[in-house]
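What follows is a single structure, written as structure tokens, with notes after it.
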Amino acid sequence: MPETDCIFCKIIAGELPAHKLYEDERTFAFLDVNPGSRGHLLVVPKTHAADILTVEPADLAAVATTAQAMAKHVKARLGADGVNIINSCGAAAWQTVFHLHFHVIPRYPDDGLVLPWKPAPADQGDLAKLADELR
Ligand code: 5GP
Ligand code: ZN
Numbered sequence: 003m004p005e006t007d008c009i010f011c012k013i014i015a016g017e018l019p020a021h022k023l024y025e026d027e028r029t030f031a032f033l034d035v036n037p038g039s040r041g042h043l044l045v046v047p048k049t050h051a052a053d054i055l056t057v058e059p060a061d062l063a064a065v066a067t068t069a070q071a072m073a074k075h076v077k078a079r080l081g082a083d084g085v086n087i088i089n090s091c092g093a094a095a096w097q098t099v100f101h102l103h104f105h106v107i108p109r110y111p112d113d114g115l116v117l118p119w120k121p122a123p124a125d126q127g128d129l130a131k132l133a134d135e136l137r
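For the numbering used here, count along the sequence shown from 1 and bump the result up by 2.
Here it is as structure tokens:
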């Protein structure tokens, strides 16, 4: 069911404009209006779900499959050298539109995008304790 006031539900329904690239029974792909790189697109389930924690597993699988296909497509069509597939879940994780979406971000040499964390080795004891906490 479309969610009132959800911009992605409105895009899927054709009530708001978007550059649609692909759709199938469960998924819809369109260009991001604020692209991080040339060809940055979004893949969403047609059935509204706020995020990856609440989406139906079959819709999540379909979104992942479409994201994979679109990643191959942008590599082939745009000559991208790599692709980031990014999902943000929750405002604390940068999610701003609360209809699940996978960003498919084609990557090019010297495109200026940077890893959002600074990799540094953790203490092995801390990692062991953390692993226990998570098992
Ligand atoms: P988030 O910040 O939730 O991970 O990603 C939301 C994405 O949706 C952003 O990259 C933003 O540019 C994109 N976006 C927001 N509003 C619109 C819109 O009206 N049309 C399109 N095509 N993209 C949108
Ligand atoms: Zn929605």
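Glycine included, every Cβ here is placed at the ideal spot set by N, Cα and C. Note that the structure is predicted; figures quoted are calculated from it, not measured.
Where the alpha helix (DSSP H) through residue i begins and ends
| i | result |
| --- | --- |
| Pro59 | Pro59 to Leu80 |
| Lys12 | Ile9 to Ala15 |
Residue range of the beta strand (DSSP E) that includes residue i
| i | result |
| --- | --- |
| Ile87 | Gly84 to Ile88 |
| Leu132 | Run containing Leu132: none in the beta strand (DSSP E); it sits in the alpha helix (DSSP H), Gln126 to Leu136. |
| Ala31 | Thr29 to Leu33 |
| His42 | First-last for His42: undefined, no H or E at that position. |
| Ile54 | Neither: Ile54 is in no beta strand (DSSP E) and is coded neither H nor E. |
| His105 | Phe104 to Arg109 |
Cβ-heavy atom distance, residue i to ligand 2, below 7 Å
| i | result |
| --- | --- |
| Phe32 | no |
| Glu5 | yes |
| Phe104 | no |
| Cys11 | yes |
| Cys91 | no |
For residue i, the nearest candidate out of the options (CA to CA)
| i | options | result |
| --- | --- | --- |
| Ala63 | Pro47, Val76, Ala78 and Ala73 | Pro47 |
| Asp53 | Ala94, Leu136, Ala130 and Asp134 | Ala94 |
| Leu102 | Arg79, Ala51 and Asp134 | Ala51 |
| Pro59 | Thr29, Thr6 and Val35 | Thr29 |
| Leu80 | Tyr110, Leu55 and Gln97 | Tyr110 |
| Ile13 | Leu129, Val116, Val99 and Glu135 | Val99 |
Sequence-distant residues of its chain with Cβ nearer than 8 Å to residue i (five each side left out)
| i | result |
| --- | --- |
| Val76 | Gly41, Leu43, Ala82, Val85, Val106 and Pro108 |
| Asp34 | His42, Leu43, Leu44 and His105 |
| Glu5 | Cys11, His50 and His101 |
Beta-carbon proximity list for residue i, same chain, < 6 Å, skipping 5 on both sides
| i | result |
| --- | --- |
| Asp113 | Ser39 |
| Ser90 | Trp96 and Gln97 |
| Gly16 | none |
Ligand 1 heavy atom lying under 7 Å from the CB of residue i
| i | result |
| --- | --- |
| Val45 | no |
| Ala52 | no |
| Leu115 | no |
Are the stretch 57-73 and the stretch 11-29 touching, with three or more C-beta to C-beta distances below 8 Å? yes
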